[in-house]
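K.L.:
Residue numbers (my numbering), protein chains in the order written: chain V, 1 to 334; chain X, 1 to 538. Glycine included, each C-beta is placed from N, C-alpha and C at the ideal position. Have a look at this one.
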Amino acid sequence: MFLWKIAIMMKRDSFMKSVLILILKRWGASLITIFIISVIIFIGVELLPGDVAQTVLGQSATPETVEAFRKELKLDLPPHIRYGTWLNDFVHGNFGNSLANGRPVSELIGWRFANTLFLALSTAMIAIPLAVLLGMLAAFYRNTLFDKLISGTTLSFISFPEFFVAYILISLLSVKFNIFPSLAIIDKDMGFFSKIYAILLPSLTLTCVVTAHMMRQTRAAIINVLASAYIEMAEIKGIKRLRIIVHHAFPNSLSPVINVIAINLAYLIVGVVIVEVVFVYPGLGQLLVDSVAKRDLPVVQASGLIFSIAYIFLNLLADILSMLSNPKLRQTQI
Amino acid sequence: MNNLLEIKNLYIEGFYEERWHPIVRDISLDLKRGEVLGLIGESGAGKSTIGLAAMGYARQGCRLTSGSINLEGIELFDATEEDLRLVRGSKIAYVAQSAAASFNPSHRVIKQYAEAPVHHGLMNYKEAEKEGIEIYRRLFLPTPEKIGYRYPHELSGGQLQRAMVAMAMSCKPDIIVFDEPTTALDVTTQIEVLAAVKEITEKMNKAALYITHDLAVVAQVAHRIMVLRNGRLVEEGETRALIKKPKEKYTRELLNVRALREEKSITDRMDVILDIKDVAATYTGVETVLEDIDLILRRGRTVALVGESGSGKSTLAKVITGLLPAIHGSITFLGKELPSELKKRKKEDLRKMQMIYQMPDTALNPKQTVRKVIGRPLQFYFGIRGQKAEDRIKDLLRKIELDPDIYIDRLTTELSGGEKQRICIARALAAEPDLIICDEVTSALDQLVAEGILDLLQDLQNKTNMSYLFITHDLATVKAIADKIVIMLEGKIIEQGEKKEILAPPHHEYTDKLLASVPEMDPDWLDNLLDERASTFI
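If you want it as structure tokens, here you go:
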């Protein structure tokens, strides 16, 4: 039924067709990448020093007990068979059980991954418009005090370690003025707005960290385009400068901007462990770190793979969007 | 009648090499309604700078130093940015050289047309759209109701250039500055744009500044001509008078560029060095871009490959050099059939066939010195190094008429366009080839510089008996150097033969069109041609 719909759309519009073919092609490439990553993750976890059975049972366990436990966990089978079973299960949505506490991995990960996404998306909602706006303004007021001020501020934020920014914000906004909570503790029963309120500080911290990168890229991309002949043409046509930036330069600098946004979004999902730890936020990053310490292999593998998928998916999205932003590529690149 | 535009004693400076240099010196001009003033000169003459200054605009790195620019009573020289903005586009508009680069690729053509009138507050978008379609129709754009709704890359070069002329008209300005509007176009497309310029200036009674380096082109549209060199006025006069009786030597040089060269005596007994039989090629694997190509090139002769862009000239060069393997047919070079793929060819075969490109800037490594550029083929093909190589490089530099002591240690970026092209020739010569493929080698150069390059190539051929395959769209070049002419259209050879045969009637229909489209140094040429075409349509 779904394929039938696609077929109808393809017939109706060659533009849709080329876009669809492109998406399918990139999707295929992404699947291969994910497969390779799954192998790498599996090998990486295999190479971790230590043994789950030993860790779980403790030093006092007899070799026989350890051996029996290993058998129960199917750790005695050769790696490629375990890999096959794991991948097969993963594809079918069965992430296995945690070795540490026996609970299903999906249950452990599910809610934490949702939390990570929630934090990432709320940060993105603030950071992306802010960065793009600041980037445009910096390009507009290029080489003025305003430009230097924006660049200076955002660059200093990116130069500080995340935990430093986090603690500064905590000491200022929650200790001194007591506006926001210093711990971002949330649970399943909280309402949307109280959740937002709870994560405002980590969100703000992350905004400080990612804005500079996106803003600098926006500014650079726009300034790069400002040297084009069509910008000179617009100036000669007597178009206002702000309109030139927003209407003529920005649409043509979208491609690099979209890419840097995707990288930062991916970072927000994958790389926020430190901020999660500082604010005691129950995200996936924290779980991953805990599980590595505990040798809880199914959890490590599953979260690793989920991170990779998120990363690849965002890059795929960026590719497609930046292609759609360019009318020339939209038609030719099939 | 009052002057629409009066420029008095204008000086402009440009910033390079760490300081300000004068680039336009003491230029005065005036322009009346219905009048077209031609500004002519080679690159660096300051033509475009003056054209932009007429709008009170200075490019980045330039500044208007002194003088006065009076546009319909408004002084632009020291006007505020906002005052200038109000004038630009609405009272005076600009048509740039490269329409492809001057249209914003992200917006539809008619949207860009409508932008100026809408934002100058003259009309709303709907009205602008309607007028745009009307102007597209007047400028003979195909399907005027629809063409504006395409993106710039969906239009051909000539269509875009006309769409830009239309865009300049959108606010009904009194003056339009045309900056080399036909330079990037084929001769046949050039006619369409020139006709559009005439349409505007004569029938709509506008004034125009027409900037070009081609005297024959400006003679068709301008009433008066100013000849510029190095930012100074060389001479000024009525078009007919200036062409008939130029006062200055420089103007005479510009006029003489197109003079036909003497026929070389040719013996047809020379041996065949390149024999192409029944060659076909494709990029996609589905559509062929070359078909049924048969071509013979003899030693010491020059074959000119002529056609519009997209006709397959450069593709044929790629097939001959093996960059694009032929899917069919044979290429015999110096009596041996060459493998179609580059990888399978022998070093010796590669050495004997060299190439010179259109853009000397991109064909030379900017980080290398002249010594390194020319020394490389010596080492690669002959294993010559050290003092021997040094002597050979100096020898080659003398052959291309550049002083070895001055040039040998220069970086390629420290050379002018003509000098760069000479270095490319020396690099090709270093391999001691039997055949040089010249791909539009003069089209990026100024007329007099190009003339020098053609002279050099001719001279080298007389001395070494090399053969040239000369790819070009410029028929003046062809007339100057070719022994044999091959005319291509849509991937096929439609006519070939000795120069005399091809240039003399009867022609193939397309050859006829191509030849008739080359402007002649006769101010009535365009009018006659347009009349003739109009009458044949009826």
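So if I threshold CB-CB distances at 9 Å, which residues from the stretch 142-173 of chain X count as touching chain V?
P.N.:
Those residues of the stretch 142-173 of chain X that come within reach of chain V (Cβ to Cβ, closer than 9 Å) are Tyr151, Pro152, His153, Glu154, Met164, Met167, Ala168, Ser170 and Cys171.
K.L.:
So does the stretch 330-342 of chain X actually touch the stretch 408-428 of chain X, counting three or more Cβ pairs closer than 8 Å?
P.N.:
They do not touch, by the three-pair rule.
K.L.:
Going by DSSP, what residue range makes up the beta strand (DSSP E) through Asn9/X?
P.N.:
Here residue 9/X is taken as the residue at index 9 of the second sequence, counted from 1. First-last of the beta strand (DSSP E) with Asn9/X: Asn3 to Tyr16.
K.L.:
Taking CB distances under 7 Å as the criterion, tell me whether Tyr83/V reaches chain X.
P.N.:
As a first step, residue 83/V is located in the first sequence; it is residue number 83 there, counting from the start. Chain X, which has no Cβ nearer than 7 Å to the Cβ of Tyr83/V, makes this no.
K.L.:
What residues of chain X sit near Met233/V, judged by a beta carbon separation below 9 Å?
P.N.:
The residue labelled residue 233/V in the question sits at position 233 within the first sequence. Correct list: Tyr94, Ala96, Ala101, Ser102, Phe103, Asn104, Gln112, Met164 and Met167.
K.L.:
Going by DSSP, what residue range makes up the beta strand (DSSP E) through Met488/X?
P.N.:
As a first step, residue 488/X must be located in the second sequence, where it is residue number 488. It spans Lys484 to Leu489 - the beta strand (DSSP E) in which Met488/X sits, taken as one unbroken run.
K.L.:
Just the chain X side, please: which residues come within less than 7 Å of Lys237/V by C-beta, in chain order?
P.N.:
Taking the first residue of the first sequence as position 1, residue 237/V is located at position 237. Within chain X, the residues near Lys237/V are Arg88, Gly89, Glu115 and Ala116.
K.L.:
Could you compute how far the alpha carbon of Ser174/V sits from the alpha carbon of Ile128/V?
P.N.:
Working through the first sequence from its first residue, we reach residue 174/V at position 174. Working through the first sequence from its first residue, we reach residue 128/V at position 128. About 25 Å.
K.L.:
Determine the DSSP secondary structure at Ala196/X, reduced to helix, strand or coil.
P.N.:
Working through the second sequence from its first residue, we reach residue 196/X at position 196. Looking at Ala196/X - three-state DSSP - the assignment turns out to be helix.
K.L.:
Looking at C-alpha atoms only, which residue of Ala100/X, Asp179/X and Leu141/X is the closest neighbour of Gly157/X?
P.N.:
Looking up residue 157/X in the second sequence gives position 157. Out of Ala100/X, Asp179/X and Leu141/X, Ala100/X has the C-alpha closest to the C-alpha of Gly157/X.
K.L.:
Is there contact here, the stretch 83-97 of chain V with the stretch 267-287 of chain V, by at least three beta-carbon pairs under 8 Å?
P.N.:
no
K.L.:
Do you know offhand how far Gly44/V's Cα is from Phe103/X's?
P.N.:
If you number the first sequence from 1, residue 44/V lands on position 44. If you number the second sequence from 1, residue 103/X lands on position 103. Distance between the alpha carbons of Gly44/V and Phe103/X: 52 Å.
K.L.:
When you compare the CB of Ala221/V with every CB in chain X, is at least one pair closer than 7 Å?
P.N.:
Residue numbering aside, residue 221/V sits at position 221 when the first sequence is read from its first letter. Under the 7 Å criterion on CB atoms, Ala221/V is classed as non-interfacial with respect to chain X.
K.L.:
Establish whether the CB of Pro256/V and some CB of chain X are separated by less than 7 Å.
P.N.:
Position 256 of the first sequence, counted from the start, is the residue given in the question as residue 256/V. Not an interface residue.
K.L.:
Buried or exposed: where does Glu263/X fall if 16 or more other Cβ atoms within 10 Å of its Cβ makes it buried?
P.N.:
Within the second sequence, residue 263/X is the residue found at index 263, counting from 1. Its pLDDT being 49, under 50, Glu263/X is placed unreliably by the model, and the measurement read from it follows with that caveat. Under a 10 Å Cβ-count criterion, Glu263/X is classified as exposed, with fewer than 16 other Cβ atoms of the shown protein chains found around its own Cβ.
K.L.:
Using a Cβ cut-off of 8 Å, pull out every chain X residue sitting near Ala229/V, in sequence order please.
P.N.:
For the purposes of this step, residue 229/V is taken as the residue at position 229 of the first sequence. Per Cβ cutoff of 8 Å: Ala96, Ser98, Ala101 and Ser102.
K.L.:
Taking just the CA atoms, how far does Leu514/X sit from Leu274/X?
P.N.:
Within the second sequence, the letter at position 274 stands for residue 274/X. Within the second sequence, the letter at position 514 stands for residue 514/X. Between Leu274/X and Leu514/X, the C-alpha separation is close to 27 Å.
K.L.:
From the DSSP output, in three-state form, read off Lys372/X for me.
P.N.:
On the second sequence, position 372 is the one that residue 372/X refers to. Reduced to three states, the DSSP call for Lys372/X is helix.
K.L.:
Which value, in whole angstroms, describes the spacing of the CA atoms of Lys32/X and Gly237/X?
P.N.:
On the second sequence, position 32 is the one that residue 32/X refers to. On the second sequence, position 237 is the one that residue 237/X refers to. Between the C-alpha atoms of Lys32/X and Gly237/X there is a straight-line separation of about 15 Å.
K.L.:
Whole angstroms is fine: what's the gap from Ser291/V's alpha carbon to Thr55/V's?
P.N.:
In the first sequence, counting from the first residue as 1, residue 291/V sits at position 291. In the first sequence, counting from the first residue as 1, residue 55/V sits at position 55. Straight-line Cα distance between these residues: approximately 12 Å.
K.L.:
Give a yes or no on whether 7 Å exceeds the smallest Cβ distance from His119/X to chain V.
P.N.:
Position 119 of the second sequence, counted from the first residue, corresponds to residue 119/X. Yes, contact with chain V.
K.L.:
Using a beta-carbon distance below 7 Å, is Pro202/V in contact with chain X?
P.N.:
For the purposes of this step, residue 202/V is taken as the residue at position 202 of the first sequence. By this cut-off, Pro202/V is not an interface position.
K.L.:
Considering only C-alpha positions, which residue in the set Thr211/V, Lys176/V and Leu121/V is nearest to Lys195/V?
P.N.:
Numbered from 1 along the first sequence, position 195 holds the residue referred to as residue 195/V. In this structure, Leu121/V is the residue among Thr211/V, Lys176/V and Leu121/V with its C-alpha nearest to the C-alpha of Lys195/V.
K.L.:
Of all Cβ atoms in chain V, is any one closer than 7 Å to the Cβ of Arg85/X?
P.N.:
The residue given as residue 85/X occupies position 85 in the second sequence. Chain V, which has a Cβ nearer than 7 Å to the Cβ of Arg85/X, makes this yes.
K.L.:
Can you tell me which of the three DSSP states Thr144/V falls into?
P.N.:
Indexing the first sequence from 1 puts residue 144/V at position 144. Coil at Thr144/V, not helix or strand.
K.L.:
Who pairs with Asp275/X in a beta bridge, going by DSSP?
P.N.:
Counting from 1 along the second sequence, the entry for residue 275/X is found at position 275. Answer by DSSP bridge pairing, in chain order: Ile296/X and Thr332/X.
K.L.:
Tell me the rounded alpha-carbon separation between Met55/X and Val87/X.
P.N.:
The sequence position of residue 55/X within the second sequence is 55, counting from 1. The sequence position of residue 87/X within the second sequence is 87, counting from 1. Straight-line Cα distance between these residues: approximately 8 Å.
K.L.:
Taking buried to mean at least 16 other C-beta atoms within 10 Å of its own C-beta, is Glu17/X buried or exposed?
P.N.:
Within the second sequence, the letter at position 17 stands for residue 17/X. It counts as exposed.
K.L.:
Rounded C-beta distance between Gly238/V and Ser90/X? I'm assuming under 8 Å.
P.N.:
Within the first sequence, the letter at position 238 stands for residue 238/V. Within the second sequence, the letter at position 90 stands for residue 90/X. Indeed, because the Cβ distance is near 6 Å, the residues count as touching under 8 Å.
K.L.:
Do the stretch 471-490 of chain X and the stretch 310-320 of chain X make contact, defined as three or more Cβ pairs closer than 8 Å?
P.N.:
yes
K.L.:
In chain order, what residues of the stretch 180-204 of chain V put their CB closer than 7 Å to some CB of chain X?
P.N.:
Within the stretch 180-204 of chain V, no residue has a Cβ lying closer than 7 Å to any Cβ of chain X.
K.L.:
Which partner residues of Asp439/X appear in the DSSP bridge assignment?
P.N.:
In the second sequence, residue 439/X corresponds to position 439, counting from 1. For Asp439/X, which the question treats as bridged, DSSP gives the partners Ile471/X.
K.L.:
Scan the stretch 125-188 of chain V and note each continuous alpha helix (DSSP H) run of 4 residues or more that stays entirely inside, going in chain order.
P.N.:
145-159 and 162-169
K.L.:
Taking 8 Å as the threshold, find out whether the stretch 43-51 of chain X comes into contact with the stretch 12-27 of chain X through three or more Cβ pairs.
P.N.:
Because the criterion of three Cβ pairs below 8 Å is met, the stretch 43-51 of chain X and the stretch 12-27 of chain X touch.
K.L.:
Among the candidates Asn256/X, Tyr94/X and Tyr136/X, whose CA atom is the shortest distance from the CA of Met233/V?
P.N.:
Taking the first residue of the first sequence as 1, we reach residue 233/V at position 233. Out of Asn256/X, Tyr94/X and Tyr136/X, Tyr94/X has the C-alpha closest to the C-alpha of Met233/V.
K.L.:
When you compare only the Cα positions, how much space is there between Val177/X and Thr33/V?
P.N.:
Along the second sequence, read from residue 1 onward, the residue named residue 177/X stands at position 177. Along the first sequence, read from residue 1 onward, the residue named residue 33/V stands at position 33. About 55 Å.
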